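**Q**
Number of protein chains: 4
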Amino acid sequence: MVNKMTVDEQALAQRLMNYRREFHRYPESAWCEFFTTSRIAGVLQSQGYELFFSDAIIARNTIMGRDDANVIKAQERAISWGAELDHLAQMNGITGVGALLDTGRPGPVIALRFDIDAVDVMESQDDSHRPRFLGFASLAPGVAHACGHDAHAAIGLGIAESLAANKNTLCGKIKLLFQPAEEGCRAGKAIAESGWLDDVDYFIAAHIGMNVPSGTLVCDPQHFLCSSKFDLHFKGKPAHAGIEPNAGRNALAAACTAVSQMLAIPRHRDGMTRVNVGQLHAGDGRNVIPANAVLMGETRGENRELNSYMYQQVEQIAQAAAMMHGVKVDIKAQGEAIGLHNDQEMVELLGRLGPYSGFAKVVREKDFGASEDASYLVDRVQGNGGKAIYCLVGSDLTAGHHNGDFDIDESRMLPAVKLFLNAIEHLQGETIHKEEEVA
Amino acid sequence: MVNKMTVDEQALAQRLMNYRREFHRYPESAWCEFFTTSRIAGVLQSQGYELFFSDAIIARNTIMGRDDANVIKAQERAISWGAELDHLAQMNGITGVGALLDTGRPGPVIALRFDIDAVDVMESQDDSHRPRFLGFASLAPGVAHACGHDAHAAIGLGIAESLAANKNTLCGKIKLLFQPAEEGCRAGKAIAESGWLDDVDYFIAAHIGMNVPSGTLVCDPQHFLCSSKFDLHFKGKPAHAGIEPNAGRNALAAACTAVSQMLAIPRHRDGMTRVNVGQLHAGDGRNVIPANAVLMGETRGENRELNSYMYQQVEQIAQAAAMMHGVKVDIKAQGEAIGLHNDQEMVELLGRLGPYSGFAKVVREKDFGASEDASYLVDRVQGNGGKAIYCLVGSDLTAGHHNGDFDIDESRMLPAVKLFLNAIEHLQGETIHKEEEVA
Amino acid sequence: MVNKMTVDEQALAQRLMNYRREFHRYPESAWCEFFTTSRIAGVLQSQGYELFFSDAIIARNTIMGRDDANVIKAQERAISWGAELDHLAQMNGITGVGALLDTGRPGPVIALRFDIDAVDVMESQDDSHRPRFLGFASLAPGVAHACGHDAHAAIGLGIAESLAANKNTLCGKIKLLFQPAEEGCRAGKAIAESGWLDDVDYFIAAHIGMNVPSGTLVCDPQHFLCSSKFDLHFKGKPAHAGIEPNAGRNALAAACTAVSQMLAIPRHRDGMTRVNVGQLHAGDGRNVIPANAVLMGETRGENRELNSYMYQQVEQIAQAAAMMHGVKVDIKAQGEAIGLHNDQEMVELLGRLGPYSGFAKVVREKDFGASEDASYLVDRVQGNGGKAIYCLVGSDLTAGHHNGDFDIDESRMLPAVKLFLNAIEHLQGETIHKEEEVA
Amino acid sequence: MVNKMTVDEQALAQRLMNYRREFHRYPESAWCEFFTTSRIAGVLQSQGYELFFSDAIIARNTIMGRDDANVIKAQERAISWGAELDHLAQMNGITGVGALLDTGRPGPVIALRFDIDAVDVMESQDDSHRPRFLGFASLAPGVAHACGHDAHAAIGLGIAESLAANKNTLCGKIKLLFQPAEEGCRAGKAIAESGWLDDVDYFIAAHIGMNVPSGTLVCDPQHFLCSSKFDLHFKGKPAHAGIEPNAGRNALAAACTAVSQMLAIPRHRDGMTRVNVGQLHAGDGRNVIPANAVLMGETRGENRELNSYMYQQVEQIAQAAAMMHGVKVDIKAQGEAIGLHNDQEMVELLGRLGPYSGFAKVVREKDFGASEDASYLVDRVQGNGGKAIYCLVGSDLTAGHHNGDFDIDESRMLPAVKLFLNAIEHLQGETIHKEEEVA
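Protein chains in written order, with UniProt numbering: chain A, 1 to 439; chain B, 1 to 439; chain C, 1 to 439; chain D, 1 to 439.
1) Could you please tell me which residues of the stretch 365-394 of chain B, in chain order, have their CB closer than 7 Å to any CB of chain A?
2) Under 8 Å between beta-carbons, which chain C residues line up against A/Met324? List them in chain order, please.
3) Listing by chain order, which chain C residues have their CB less than 9 Å from the CB of B/Ala255?
4) Between the Cα of B/Leu197 and those of B/Val347, B/Met346, B/Ala56 and B/Phe34, spot the shortest distance and give me the residue it belongs to.
5) Assuming D/Ala322 and D/Val314 form a contact by the criterion Cβ under 8 Å, report the distance between their Cβ atoms to the nearest whole angstrom.
6) Check whether chain B comes within 8 Å of D/Arg412, counting only Cβ atoms and requiring the distance to be less than that.
7) Return the Cβ separation of A/Ile208 and A/Ala151 in integer angstroms, given the expectation that the two are a contact with Cβ distance under 8 Å.
8) Let me check one thing: in DSSP terms, what residues is C/Val329 bridge-paired to?
9) D/Met310 and D/Val275 look like a contact to me (Cβ under 8 Å); what is the Cβ gap, rounded to whole Å?
10) I'd like to know if C/Arg331 contacts chain A, where contact means its C-beta is closer than 8 Å to some C-beta of that chain.
11) In the stretch 345-421 of chain A, which residue ranges form an unbroken beta strand (DSSP E) of at least 3 residues, counting only runs that do not cross its ends?
12) Can you list the residues of chain A that D/Thr273 reaches, using a CB-CB cut of under 8 Å?
13) Using 8 Å for Cβ pairs, my map puts A/Phe34 next to A/Leu112. What's the rounded Cβ distance?
14) Residues of chain A with a CB under 8 Å from the CB of D/Gly258: which are they?
15) Please tell me whether B/Ala153 and B/Phe178 are closer than 8 Å, where the distance is taken between their beta carbons.
16) For C/Tyr311, decide whether its Cβ has a neighbour in chain A, counting only Cβ atoms nearer than 8 Å.
17) Are D/Phe203 and D/Ala388 close, meaning C-beta to C-beta below 8 Å?
18) Grab the span of the alpha helix (DSSP H) containing B/Ile338 for me, first residue to last.
19) For C/Cys226, write down the residues that DSSP places opposite it in a beta bridge.
20) With DSSP as the reference, label B/His149 as helix, strand or coil.
21) Does the stretch 97-108 of chain C come close enough to the stretch 169-187 of chain C that 3 or more CB-CB pairs lie under 8 Å?
22) Look up D/Tyr311 in the DSSP assignment and say whether it is helix, strand or coil.
23) Closer than 8 Å is the cut-off here; do at least three beta carbon pairs connect the stretch 61-76 of chain B with the stretch 22-38 of chain B?
24) From the DSSP secondary-structure annotation, give me the bridge partner or partners of B/Leu173.
25) Would you check if there are 3 or more beta carbon pairs closer than 8 Å linking the stretch 224-236 of chain D to the stretch 399-419 of chain D?
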């Protein structure tokens with residue numbers, strides 16, 4: 001570390017790897033991160049952080065895409081994996097944890113955010129898959145850390161430990177947010193609306209990988225897509241398909257009509273739009289007019305207006321498809337992301353710090369081309385006058401994100417930790433410096 | 001019993017009820033009836049029947065709608081329920097059992113058929129549901145005897161026991177077929193093609209319920225629909241729906257196109273046709289172009305030509321939908337039923353015997369309006385010069401077939417047993433009589 | 001002729017041929033039969049009939065499928081062909097004519113109905129097409145008597161002349177209805193509702209051809225389909241398809257969605273149903289989002305309930321397709337036919353008279369399988385206590401009805417005339433007889 | 001005029017208006033410009049230009065979107081309007097004319113292009129529509145100069161006269177191309193492939209209006225879309241929709257399927273794409289399964305690859321829709337445009353000349369957002385080493401292009417003429433200057 005904080009880099013790198021591999025073995029989907037949260041909370045507690053759970057960090061009524069049945073099963077599994085009952089009680093069904101380091105000295109409020117959920121994907125069973133042959137493969141069939149959030153959580157703990165160890169050199173307050181349910185952009189809005197970040201002066205977040213090679217830092221990714229995730233539930237009426245087909249109300253037919261038409265929403269003059277139906281499940285018996293259908297979809301747009309245009313079309317199509325087939329439809333919001341625009345002084349700061357933090361190359365702009373619910377957090381901080389940045393930490397990958405063969409270059413976690421720590425130092429330095437100037 | 005055989009009706013009625021309730025507790029879907037088969041085989045064995053399993057009664061290469069994964073799980077469950085390993089070994093993965101009673105005396109070969117599979121339906125959890133409050137509800141969540149085949153199996157065992165007890169009064173051979181996989185019309189064709197019924201002179205089958213009230217016998221149901229059951233497997237290519245939607249090949253879109261178009265197959269001049277897609281499952285992640293889709297469908301027609309017309313259209317639409325979206329499609333036959341036409345002398349015989357067997361009312365014709373794979377067995381027997389009948393044994397029902405609230409009037413099993421036994425007596429009598437005449 | 005009326009059959013056959021060929025040269029589509037009506041009215045007038053036009057025979061407010069622009073052009077053409085202005089004035093824009101022969105003697109009211117409109121089909125230009133090489137081909141491109149209504153009109157005039165010549169032998173009243181706009185079932189309902197047939201005791205109508213060979217009479221055709229004809233007008237909003245596709249409201253897309261879904265209306269348990277979209281016209285420029293679309297469709301059903309089921313589905317689909325694409329839709333009824341059931345005493349009467357009228361063979365039942373708006377007239381007469389019949393007069397055809405190569409066997413018009421005259425004689429005889437009995 | 005050429009601007013403005021209004025009265029659609037071509041040829045001839053017709057300027061085998069039947073009617077009408085038979089003979093069915101002014105002096109070859117076709121749109125009948133109340137409204141119902149090509153032709157003639165009058169001050173060769181069939185991008189490719197422009201050093205073209213206000217010159221419009229225009233002809237089999245719906249092959253249903261699916265072609269990662277079906281016409285009779293359908297469509301893309309992607313999808317969908325419904329489909333190319341990129345030295349030259357030519361304001365870039373088949377000509381010239389420019393001449397409009405109320409600000413033709421003349425002077429000057437330098 002370049003300045004005041006001291007860290008044993010070799011030991012830290014080892015701990016980061018251990019943490020990451022542990023999280024990798026125990027992957028938990030969005031809103032199911034009970035073991036992960038408990039494990040993180042345990043470490044943070046031991047380092048003296050004040051912890052915040054549940055309603056303290058998440059506005060419960062704006063939660064999206066959380067399924068009670070899954071959550072209950074996840075809690076049971078978490079207990080079997082060793083989650084602490086005390087932590088579970090504090091979570092009260094809502095995963096994720098916030099940690100506060102209050103130095104007691106005047107200074108800025110700096111927040112760092114790490115997302116911790118895994119993906120619903122079957123991890124590769126191939127013997128050449130590193131987590132497999134090194135023995136830290138997923139213990140939960142069908143769930144895997146195939147997006148790198150295991151590394152994010154590890155980086156967060158690495159930073160937490162480093163900060164705690166150097167508490168005396170710090171000023172102001174530092175908030176560490178271990179966020180659940182980033183996949184599907186489900187938690188961001190609810191965390192923003194909880195107000196826990198409303199006093200933050202500086203906000204920093206990062207994602208590992210993202211088609212950025214090992215050694216490169218991208219400090220101002222562009223084109224975060226606004227996105228809405230939604231489920232459509234069609235409810236019709238069953239009937240024997242041979243005996244009285246006219247008596248049914250075909251929810252599957254309505255869903256298929258909706259899918260075909262949603263894919264045909266007209267392109268928009270003002271820019272890029274997207275729509276996808278990722279899943280459709282419908283029907284009971286082969287010879288029964290299907291009385292129910294559920295489809296999972298998403299819209300995207302280059303900006304908020306474009307995404308709204310798409311989503312309104314989806315709503316119109318869903319209603320019309322239901323009417324056409326005499327069925328009912330419910331549209332349930334499941335997630336939402338908005339645009340994300342870094343503050344340029346943060347971009348410049350991290351750009352300058354990159355080479356001192358272990359990055360061989362710093363690139364300013366790169367197309368992000370996807371959605372991130374950190375966007376809600378950034379928007380909230382900026383709305384309250386704070387400055388924010390979301391950057392990309394390069395890592396060579398063995399396969400694309402969300403692919404069962406995905407694996408990261410673990411050696412790229414240390415530079416991320418150093419970058420965050422350096423940024424904290426400089427942000428505190430600048431502030432102090434400014435105060436001195438003022439004096 | 002009217003003639004030579006003697007039966008304690010009260011004791012028989014009690015045994016029928018016990019058998020039926022036992023089968024009801026242990027429901028097994030098509031091709032999964034390992035416990036059921038083992039239980040039946042055990043009784044038959046104890047009664048001295050010669051048993052036939054697996055390839056002896058089923059032409060393995062024409063089996064439809066059997067899923068290896070399900071079968072393996074079903075075998076494990078059957079063992080846990082008490083199925084005998086010896087029986088499982090003889091089944092060699094193929095459920096169902098044939099039993100032969102050879103009297104050693106000259107006489108006709110008479111075959112009776114009882115289907116034994118349950119339905120994939122969740123049994124009612126309602127406290128007023130009789131199997132529930134009497135304690136014989138399904139032990140397999142999502143599977144239930146909601147079609148009455150538990151009663152069919154019980155009737156078969158009741159007949160088997162009665163015949164064995166009266167063996168000395170009988171002549172010729174009697175074959176009892178405990179058929180698997182009637183639901184979806186999956187086994188009929190394969191059993192027919194095994195040749196096990198090729199020496200049969202008389203074939204009798206019945207279904208309980210079917211909207212016929214308790215006390216009524218329908219001896220010549222009409223309009224059995226020809227039907228083809230099929231699965232379509234669409235295989236495309238995944239891609240991130242936000243980043244490169246053009247790189248995907250959308251199997252879900254292809255399936256939806258196929259569904260919409262299949263429902264629009266033109267009506268046919270020559271009579272009634274049907275098409276249904278009962279289930280559709282597609283896709284992996286919300287933000288991934290769905291690379292796979294499976295749909296389960298069926299066609300029907302008043303006659304073989306009309307069903308062929310429908311099925312050929314389905315094939316054409318499936319291929320074209322795949323081509324349209326650049327995906328691949330496999331069409332897998334899952335079941336098949338053909339028309340069923342009773343022999344009028346059998347109709348008249350059972351009509352005459354009805355009142356002597358406990359039926360208050362005999363109705364000749366009634367629309368069947370559905371499909372039955374006994375049609376293949378009837379067709380096979382008739383093709384070899386035998387006579388066949390399929391009749392309906394009335395029973396008041398608590399809900400329609402395949403409904404979770406379905407329950408039968410158990411007192412209607414006894415008349416069915418008596419009808420079959422009486423028919424056997426008369427058929428043996430007539431034959432003997434004829435032989436005497438010839439002599 | 002068998003009884004009281006005398007007719008020179010050879011001369012009559014020649015006049016029938018002349019009339020038929022004249023009508024064939026001047027074909028006029030539904031609601032455009034101004035020349036045809038005028039020509040018929042001229043003959044009837046000269047024979048001493050009292051004539052009824054326009055509102056006297058047609059309830060103007062229930063007219064369907066009449067287009068003002070076509071009517072105006074048709075009047076101009078009719079004048080150029082020699083229609084009398086006096087007749088046009090009396091028609092007041094509504095074609096068709098009723099004629100009354102009041103004998104002044106007591107007796108029944110007998111009505112005969114002849115439809116006179118041509119079809120919108122291009123007549124064959126082939127030199128082997130008889131109307132062409134004999135010089136009586138259609139003078140109106142795109143319109144042709146390809147359904148045989150030219151023969152119907154000729155038969156009507158032949159009967160009119162025969163009746164007038166034998167007026168002294170007749171009793172009661174005879175009404176001859178030369179009906180416009182049978183194609184598309186557009187006029188029947190409006191004529192029925194005018195009340196002109198409300199005093200009718202016996203009603204007779206016939207169609208030539210209909211897959212019945214020359215020499216055969218079918219006196220009780222079965223399965224007249226109920227039918228509704230309709231136009232859907234979709235109205236959207238144009239936009240440049242390259243510059244701002246999102247600004248359009250795509251009427252063509254809505255129409256296509258409606259078509260696909262209408263063809264997929266579920267089959268009905270209770271019997272035969274049909275739906276067709278015969279035409280679709282949409283859009284203006286290749287690069288403009290199409291702002292308008294018109295489609296012409298029809299539903300049918302074995303009975304009134306089945307047709308209603310289909311039509312209600314069409315309405316629902318049309319509204320939903322419009323909603324789906326943000327456009328407006330108007331549904332305009334264009335024609336309607338209902339079921340038709342002959343009175344059995346009329347069936348028996350004509351069956352008996354067939355052999356005496358020149359028919360070599362009389363068949364009782366045959367599937368009609370199409371729709372006829374005589375059904376409204378029959379229904380009205382029967383509703384008022386009258387008896388009615390609609391029969392089929394066999395004629396070998398050169399091609400199917402509505403085909404450009406269609407031509408009839410002209411020699412089959414005479415038997416039709418004789419059948420109608422014989423029927424009149426017998427119906428009058430029976431009535432007189434009955435009155436005598438009463439006396 | 002700034003330099004050597006002298007022009008009486010007031011008289012020229014008057015002549016431009018007269019020409020424009022004359023062309024406006026006699027609008028002719030693409031490939032039908034026989035009168036227009038003859039009128040232009042007459043003027044050019046009188047000014048001493050050498051003329052080139054038909055195969056000399058257009059590669060006949062690559063012509064797109066030309067309909068023989070329309071062409072024949074258009075020739076007849078052109079004759080009735082006063083087209084010269086001699087010109088018609090030279091055109092030999094292919095409209096448009098090239099004119100060559102060969103000064104005999106060394107110098108560059110400069111080509112100017114003016115498109116002359118009208119649009120298939122009904123001109124406003126509103127009394128406030130200027131062409132109407134000033135008496136120069138379209139004489140051809142349904143065809144109108146609603147895109148400003150009447151002004152383009154007038155500008156071309158104004159330039160032709162000015163050049164001829166100043167021939168002595170000029171050097172090199174000047175080619176004036178009066179292009180047919182720009183609408184739908186039908187002629188550009190065929191003209192390019194004729195080779196008539198292969199010796200051109202400088203190529204200049206312009207469009208009036210295009211949302212640029214009067215007084216403004218846009219000298220480097222951006223984002224010309226690549227586009228393919230196509231017709232799909234579906235051919236099925238008719239059948240009576242009531243009697244035997246299964247016997248038909250529904251071309252309308254195939255077309256509707258194709259439309260729905262074409263609108264759903266996935267968006268592309270690499271940029272903007274478009275697809276539109278502008279027209280659909282299908283079917284014959286209401287009660288006949290429609291045996292034919294024609295649809296007119298277009299694809300667009302930001303670049304050639306994107307347009308190819310769209311067009312290939314259209315082809316695949318068309319084939320699959322035909323297969324799905326058992327019909328045949330023909331895909332007929334009707335027009336094509338590619339990207340257009342100005343040479344920057346031409347952009348700078350015209351930018352400098354704008355203020356001297358009567359433009360109050362010069363704007364460099366503006367989104368074009370549409371397609372132009374001048375793109376093929378520019379591409380050809382650039383491919384042979386020449387320099388090319390396509391610019392926009394501002395004009396306040398009364399309504400958008402292709403709208404029936406469209407009218408231009410006629411005073412903006414004179415600046416266009418002056419700009420072209422100034423450009424010619426400078427291009428000749430520069431060249432001479434360069435040659436002097438070389439010397």
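By construction, the Cβ of each residue, glycine as well, lies at the ideal position given by its N, Cα and C atoms.
It should be emphasised that the depicted structure is a prediction, and the values quoted were computed from it without experimental measurement.
**A** Let me lay it out:
1) Residues passing the 7 Å Cβ filter: Gly369, Ala370 and Ser371.
2) Sequence index remark: in the first sequence, residue 324 of chain A carries index 324 (1-based). Those within 8 Å of A/Met324 in chain C are Gln261, Gln316, Ile317, Ala320, Ala321 and Met324.
3) Along the second sequence, read from residue 1 onward, the residue named residue 255 of chain B stands at position 255. Result: empty, since nearest Cβ-Cβ is about 15 Å, beyond 9 Å.
4) Sequence index remark: in the second sequence, residue 197 of chain B carries index 197 (1-based). Nearest C-alpha to B/Leu197 among B/Val347, B/Met346, B/Ala56 and B/Phe34: B/Ala56.
5) In the fourth sequence, residue 322 of chain D corresponds to position 322, counting from 1. In the fourth sequence, residue 314 of chain D corresponds to position 314, counting from 1. Their Cβ separation, rounded to whole angstroms, is 13 Å, which puts D/Ala322 and D/Val314 out of contact at 8 Å.
6) In the fourth sequence, the residue the question calls residue 412 of chain D occupies position 412. No, D/Arg412 does not count as interfacial toward chain B.
7) Within the first sequence, residue 208 of chain A is the residue found at index 208, counting from 1. Within the first sequence, residue 151 of chain A is the residue found at index 151, counting from 1. About 5 Å separates the two Cβ atoms, so the contact holds.
8) Here residue 329 of chain C is taken as the residue at index 329 of the third sequence, counted from 1. Paired residues: C/Phe234.
9) Position 310 of the fourth sequence holds residue 310 of chain D. Position 275 of the fourth sequence holds residue 275 of chain D. About 6 Å separates the two Cβ atoms, so the contact holds.
10) One-based indexing of the third sequence puts residue 331 of chain C at position 331. First, the amino acid is wrong: residue 331 of chain C is Ile here, not Arg. C/Ile331 does not count as touching chain A.
11) Runs of the beta strand (DSSP E) inside the stretch 345-421 of chain A: 361-363 and 387-393.
12) For this step, residue 273 of chain D is matched to residue 273 along the fourth sequence. Neighbours of D/Thr273 in chain A, taken as residues at a C-beta separation under 8 Å, are given in chain order as Arg267.
13) The count along the first sequence starts at 1 and reaches residue 34 of chain A at position 34. The count along the first sequence starts at 1 and reaches residue 112 of chain A at position 112. With 8 Å as the limit, A/Phe34 and A/Leu112 do not qualify as a contact, their Cβ atoms being about 22 Å apart.
14) Against the fourth sequence, residue 258 of chain D aligns to sequence position 258. Looking at the sequence shown, residue 258 of chain D is not Gly but Ala. Under the 8 Å cutoff, chain A gives no residues; its nearest Cβ is about 12 Å from D/Ala258.
15) Here residue 153 of chain B refers to the residue found at position 153 when the second sequence is read from its first residue. Here residue 178 of chain B refers to the residue found at position 178 when the second sequence is read from its first residue. Yes, the pair counts as a contact, with Cβ atoms nearer than the cut-off.
16) Indexing the third sequence from 1 puts residue 311 of chain C at position 311. C/Tyr311 does not count as touching chain A.
17) Taking the fourth sequence and counting its residues from 1, one reaches residue 203 of chain D at position 203. Taking the fourth sequence and counting its residues from 1, one reaches residue 388 of chain D at position 388. When the beta-carbon positions are compared, D/Phe203 and D/Ala388 come within less than 8 Å of each other.
18) Here residue 338 of chain B corresponds to residue number 338 of the second sequence, with the count starting at 1. Boundaries for B/Ile338: no alpha helix (DSSP H) harbours it, and the DSSP string shows neither H nor E there.
19) Locating residue 226 of chain C in the third sequence gives position 226, where the first residue counts as 1. According to DSSP, which records beta bridges pairwise, C/Cys226 is partnered with C/Gly301.
20) Here residue 149 of chain B corresponds to residue number 149 of the second sequence, with the count starting at 1. If DSSP states are grouped into helix, strand and coil, B/His149 belongs with the helices.
21) Because the criterion of three Cβ pairs below 8 Å is met, the stretch 169-187 of chain C and the stretch 97-108 of chain C touch.
22) Sequence index remark: in the fourth sequence, residue 311 of chain D carries index 311 (1-based). Helix, per DSSP.
23) Yes, since at least three Cβ pairs between the stretch 61-76 of chain B and the stretch 22-38 of chain B fall closer than 8 Å, the two stretches touch.
24) Translated into the one-based positions of the second sequence, residue 173 of chain B becomes position 173. Checking the sequence, you will find Lys at residue 173 of chain B rather than Leu. In the DSSP output, where bridge partners are listed per residue, B/Lys173 has B/Asp102 and B/Val109.
25) Taking 8 Å as the limit for Cβ pairs, the verdict is that the stretch 399-419 of chain D does not touch the stretch 224-236 of chain D.
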